[in-house]
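Residues 4 to 318, numbered by this note's numbering, are exactly what the sequence shown covers, in order.
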Amino acid sequence: MSGIPVVLDMDPGVDDALALMMALNSPELDVLAVCTVSGNVPIEVATNNGISILGMLGRLDIPVYRGSERPLKREPVHAAEVHGPGGLGDTELPIPDVEPSGSVTEFLGKILSERPGEVTVIAVGPLTNLARAESKRRGILQKAKQLVVMGGSIREPGNVSPIAEFNFYADPDAARAVVRSGVELTLVPLDATHQVQIGRSELDRWVDGKGFAEAHFVRGSMEPALAYTDRIYGKASFCLHDPMAVGCVLRPSIFQTTRTSIDVEVEGELANGQVVADLRPFVDDRHRKGVSINWVTDVDADAFKAMFKDRVLPE
Ligand code: BDR
Ligand code: CA
């Protein structure tokens, strides 16, 4: 296999599953492994879902590592309302009889040290696995070629609380540890992912007339999230959060980024998991609070959707 070597760390989860499908259908990427983490659903479910998606696409050659079953310091938080109780919306896929491989932290430690500067890590769930790998072996994340994280929000309101994004909210201690590790990070926050939303009529245009399994999956998987957003926001729409992190690696030219210093709140009663971004215009860069990271401010939404559709729902 040639292509950019990538490891996906995820909590499938509907948009995680779509991100995995997009990555697997992209010849530019060589998916080395799928690591799972507790988040949208409990770890057993996330792991089974990862295996099911690999099975649907005939890629059971890719190892799945079952990761952390709970956040670093707090109780697990899940998102069944959005992703459905089984995590894949209204769909139910067969679970191939495949045993997950060994420990995620050992795997990350091994692959990143054996291939320094080569492997891109795309993390689209709570950052528990990455934080554990870093705490076990200081500096290990720096050995990644690139670390792309879907999480947080910089200027945008939150989705799980007024100010927090789900992945950072679910394990803020891990998010803080990864940010503070000083690894070169590209963050794909809600500010960017909210720019790419799919409504019901667009989804119909995408899947109608397509008889293959992936089309049924895409429609059925998005259904609870569409119903949820209709109920809560008065508009049925699905955000392609996690696929955008894959898109950043596939086609960086359609994303605009900037650098900002950030940290993550871990103790606030109302602000748990909030990204605290030092956006003060009058402060000299040398005196900013937090750690300087790269984040996606804007995306060419039409170009991204076209790429997503081309990879996940080819004509
Ligand atoms: C993130 O939270 C999860 O529910 C999604 O899978 C995505 O990774 C969006 O806030
Ligand atoms: Ca996710």
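All C-beta atoms in this analysis are idealised placements derived from N, C-alpha and C, irrespective of residue type, glycine included.
A straight line joining the alpha-carbon of Val299 with that of Phe215 spans about 33 Å.
Assigned with DSSP and collapsed to three states, Ser156 falls in coil, not helix or strand. Any heavy atom of ligand 2 counts here; residues with a Cβ closer than 7 Å to one of them, in chain order, are Met13, Asp14, Gly16, Asp18, Asp19, Gly42, Asn43, Val127, Gly128, Met153, Asn170, His244 and Asp245. Note on the region 80-153: whole alpha helix (DSSP H) runs with a minimum of 4 residues are 83-86, 107-117 and 131-139, in chain order.
About 20 Å separates the beta carbon of Val44 from that of Ala26, a gap too long to meet the 8 Å contact definition.
Here Val40 is near Thr131, since their CB atoms are less than 8 Å apart. Take Phe110, set aside five residues on each side of it, and the residues of its chain with a beta-carbon closer than 6 Å to its own are Tyr68, in chain order. Three or more beta-carbon pairs separated by less than 8 Å are not found between the region 106-120 and the region 210-226, which leaves the two stretches without contact.
Residue state for Leu190 is assigned as strand, using DSSP reduced to three classes. Judged by DSSP in its simplified three-state form, Asp245 adopts helix.
Residue side-chain check: Val85 places its Cβ nearer than 7 Å to a non-hydrogen atom of ligand 1. Ligand 1 has no heavy atom closer than 7 Å to the beta-carbon of Asn275.
In the structure shown, Pro165 falls within a coil segment according to DSSP collapsed to helix, strand and coil.
Boundaries of the alpha helix (DSSP H) around Val181: Pro175 to Arg183. In the three-state reduction of the DSSP assignment, Ser224 falls in the helix class, which pools H, G and I. At a cut-off of 7 Å, the beta-carbon of Asn52 does not count as near ligand 1: no heavy atom of the ligand is closer than that. By the criterion of a C-beta distance shorter than 8 Å, Phe285 is surrounded by no residue of its chain, once the five residues flanking it on both sides are discounted. Going by DSSP, Arg289 is part of no beta strand (DSSP E) at all; its letter is neither H nor E. Here the region 51-59 makes contact with the region 11-21; the two share three or more CB pairs at distances below 8 Å. Per the DSSP secondary-structure output, Trp209 pairs with nothing in a beta bridge.
In the same chain as Asp14, and ignoring 5 residues on each side of it, the C-beta atoms closer than 6 Å to its own belong to Val40, Gly42, Asn43, Ala49 and Gly128, in chain order.
Of the candidates Val85, Ser29 and Glu78, the residue whose Cα lies closest to the Cα of Arg314 is Ser29. Separation of the CB atoms of Arg291 and Asp281 is rounded to 4 Å, and the pair is thereby assigned contact status at 8 Å.
Out of Met153, Ala177 and Ser106, the CA that lies nearest to the CA of Cys251 is found in Met153. In the three-state DSSP reduction, Asp64 falls in the coil class, being neither helix nor strand. Per DSSP, reduced to three states, the secondary structure at Phe307 is helical.
Within a 10 Å sphere around the beta-carbon of Lys308 sit 16 or more other beta-carbons, which makes this residue buried. The DSSP-derived three-state label of Gly202 is strand. Here Gln277 has Ile166, Ala167 and Glu268 as same chain residues with Cβ atoms under 6 Å from its own Cβ, once five neighbours each way along the sequence are excluded.
A straight line joining the alpha-carbon of Lys312 with that of Arg254 spans about 14 Å. Contact check for Ser71 and Arg141: beta-carbon distance about 18 Å, past the 8 Å limit, so the pair fails to qualify.
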